[in-house]
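Only one structure is covered here, and it is reproduced in the block below.
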Amino acid sequence: METRNLIAGRWTDISSSGSLEVVDPASDKVIARVPMCGASEALSALNSAYEFQPEWEATPPAQRAAVLHATAKLLVARKDALARIITQECGKPLAEAAGEVQYSAEYFLCAANEIQALNEMEVALDRPGVRGVVRHRAVGVCAAITPWNFPLAMLARKIAPALAAGCTQLAKPAEETPLSAFALAEILLECGLPPQCLQVLTGDAKSIATTWLMDGRVRKLSFTGSTETGRLLLRQCAQEIVRCSMELGGHAAFIILADADLQLAVQGALQAKFRNAGQTCICPNRFLVHENIASEFTARVAVAAAQLKIAPGMEADSKIGPLIHDAAVEKVRAHVADALARGGKLVCGGRTKEIPDRPDRFYEPTVIANCDPSMLCFEEETFGPVIPIMSVSSEREAIEVANSSPFGLAGYVFGGNDKTTLAVAQQLQCGVIGVNEAVPSNARAPFGGVKWSGFGREGGVWGLMEYVTTQYLAVRSLDK
Ligand code: NAP
0 METRNLIAGR WTDISSSGSL EVVDPASDKV IARVPMCGAS EALSALNSAY EFQPEWEATP
60 PAQRAAVLHA TAKLLVARKD ALARIITQEC GKPLAEAAGE VQYSAEYFLC AANEIQALNE
120 MEVALDRPGV RGVVRHRAVG VCAAITPWNF PLAMLARKIA PALAAGCTQL AKPAEETPLS
180 AFALAEILLE CGLPPQCLQV LTGDAKSIAT TWLMDGRVRK LSFTGSTETG RLLLRQCAQE
240 IVRCSMELGG HAAFIILADA DLQLAVQGAL QAKFRNAGQT CICPNRFLVH ENIASEFTAR
300 VAVAAAQLKI APGMEADSKI GPLIHDAAVE KVRAHVADAL ARGGKLVCGG RTKEIPDRPD
360 RFYEPTVIAN CDPSMLCFEE ETFGPVIPIM SVSSEREAIE VANSSPFGLA GYVFGGNDKT
420 TLAVAQQLQC GVIGVNEAVP SNARAPFGGV KWSGFGREGG VWGLMEYVTT QYLAVRSLDK
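Residue numbers (numbering that gives the first Met the number 0): 0 to 479.
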């Protein structure tokens with residue numbers, strides 16, 4: 000398992016300020032030490048990426064795509080080993096981690112296909128003898144800063160289209176989960192990526208980001224993480240007018256209409272809510288259920304939630320692993336306590352489960368009925384396995400409550416009639432919506448938010464377009 004940084008084409012553990020510990024959240028054991036880099040290493044990485052940029056951009060798209068195709072294949076071939084790395088550093092159950100590897104591979108496949116389909120276009124001009132030509136060029140050196148909850152996939156979504164487009168890439172993974180990033184870099188190099196194309200650094204996030212964003216040579220930042228950090232980075236990007244994609248926090252509503260298929264809704268709720276113990280940006284946080292079916296949905300979802308196996312992710316059949324760190328547990332506790340203090344009714348869960356010799360970080364799947372928008376859990380994402388349920392009297396009320404949040408990443412609508420269900424879905428102010436579907440994210444489709452959830456899209460041709468600039472040439476040909 001690689002634990003060094005990839006800078007200027009070489010794996011190195013030289014850093015200006017020591018090392019960082021990587022800890023397994025399910026055991027508190029230190030599983031690795033990685034370099035603690037700062038401004039000087041960030042500058043070396045940038046120099047190298049900038050130097051190699053023209054060569055990579057000039058590499059034919061088919062050759063770039065071949066590296067990405069091979070990477071997708073190798074990711075799948077090494078799925079089990081990679082899944083173990085993900086589970087060790089971020090805690091999610093192994094089966095989910097394997098799903099993340101597959102999902103990451105699909106981004107490489109998709110970017111490889113999209114770049115080969117991206118052709119020059121002609122625009123019909125109303126000027127005789129002049130041709131309009133539209134082409135796409137690589138944006139230039141790109142920076143990626145990613146969170147811990149999908150340590151492989153969040154990087155894959157950025158690195159794959161950036162490399163496909165002909166950009167060199169600087170990457171700073173979250174301090175909790177750098178090992179998946181190193182493993183991905185190793186695979187890319189094995190598949191023929193020229194080493195200077197990708198630089199992976201761990202360390203002081205603020206110094207690294209400031210060095211990259213204030214330099215003028217980084218032309219694009221793709222950030223996934225909290226809205227608070229996104230705001231800070233946007234301010235820095237303003238200085239050198241760095242192009243940005245911002246994949247920020249979510250606060251999804253999960254609307255269940257009066258005529259919904261309850262079994263499908265319960266299954267969907269479990270699937271969408273409890274992935275990664277509720278720590279995904281598209282996990283539903285506000286369940287808005289029609290009053291006619293609210294008590295039945297509540298009872299059924301609570302019975303099903305209470306059966307989910309809570310165990311370290313490495314154990315077979317684990318469905319709920321640990322939360323990432325103690326601060327995450329404290330946030331869930333605070334949200335649950337606030338909801339109960341404001342009249343919420345605890346239906347199941349509501350505490351951590353004790354597991355011998357394990358840290359107190361395994362939060363039970365929790366269902367709270369009688370919730371309302373005054374509660375903390377309706378204001379911001381809980382990032383834990385909690386289902387807060389509010390009953391609503393109409394579709395209009397559900398839409399109003401859903402849209403009252405400043406966040407707008409994902410939403411879900413479950414209903415028995417396609418026309419009405421779609422009509423409700425289309426009124427939601429968010430970028431990704433599951434309509435009787437709990438897993439809307441797909442590498443071929445655009446993923447991203449509106450409002451405080453950010454802007455820019457990842458996946459499909461939309462993801463690729465974030466890494467190209469459109470160049471227009473008005474060409475008067477003098478050739479005979
Ligand atoms: P975070 O605290 O914002 O951290 C994300 C990344 O930003 C990490 O690499 C972190 O580095 C870095 N960072 C932190 N402070 C920084 C600074 N001042 N300057 C530059 N970089 C800085 O978010 P998180 O808690 O890890 O992730 C959870 C959040 O991500 C949730 O809000 C979730 O909804 C969101 N998310 C969104 C999406 C999406 O697609 N929209 C997907 C997944 C997650 P260090 O780790 O080294 O501090």
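Here a beta-carbon is modelled for each residue, glycine too, at the ideal position from N, C-alpha and C.
Check: Chain B within 7 Å of T381, Cβ atoms only; Outcome: As a matter of chain content, chain B is missing from the structure shown, which is built from one protein chain.
Check: Distance between M0 and D327 (C-alpha atoms, nearest Å); Outcome: According to the sequence provided, residue 327 is Ala. The question's Asp does not apply to it. Looking at the two C-alpha atoms, the distance is approximately 27 Å.
Check: Any non-hydrogen atom of ligand 1 within 6 Å of W461 CB; Outcome: no
Check: Any alpha helix (DSSP H) of 4 or more consecutive residues that is wholly inside the region 371 to 458; Outcome: 375 to 378, 394 to 402, 417 to 425
Check: Cβ-based neighbour list, V217, same chain, cut-off 8 Å, excluding 5 preceding and 5 following; Outcome: L45, G139, V140, C141, A142, L169, W211, E239, V241
Check: Proximity below 7 Å, CB of T201 to CB of P34; Outcome: yes
Check: Three-way DSSP call (helix, strand, coil) for T228 in this model; Outcome: helix
Check: Bridge partners - G131, DSSP secondary structure assignment; Outcome: V122, A473
Check: Of the residues G320, A333, S294, the one placed nearest K308, counting alpha carbons only; Outcome: G320
Check: Straight-line Cα distance separating I114 from L480; Outcome: It is not possible to answer for residue 480, since the shown part of the chain is limited to 0 through 479.
Check: Reference D359, options N284, A368, R332, closest by Cα; Outcome: R332
Check: Beta-bridge partners of K344, as assigned by DSSP; Outcome: A368
Check: Check: P283 C-beta below 6 Å from any heavy atom of ligand 1; Outcome: no
Check: DSSP bridge partner residues for Y466 (one or two, in chain order); Outcome: Paired residues: none, contrary to the question.
Check: Between the CA atoms of I398 and L287 - distance to the nearest angstrom; Outcome: 9 Å
Check: Residues bridged to H289 (per DSSP); Outcome: V391
Check: Proximity of P405 and K450 at Cβ, strictly below 7 Å; Outcome: yes
Check: Three-state secondary structure (DSSP) of I207; Outcome: helix
Check: Close-in-space but distant-in-sequence residues of the same chain around L408 (CB under 7 Å, 5 per side omitted); Outcome: G249, A251, C280, I281, C429, G430, V431, G448, S452
Check: H324 versus D12 - alpha carbon distance; Outcome: 26 Å
Check: Any non-hydrogen atom of ligand 1 within 6 Å of K479 CB; Outcome: no
Check: Closer than 6 Å: L231 CB and nearest ligand 1 heavy atom; Outcome: yes
Check: Close beta carbons around M213, own chain, < 7 Å, minus the five adjacent residues each side; Outcome: Q235, Q238, E239
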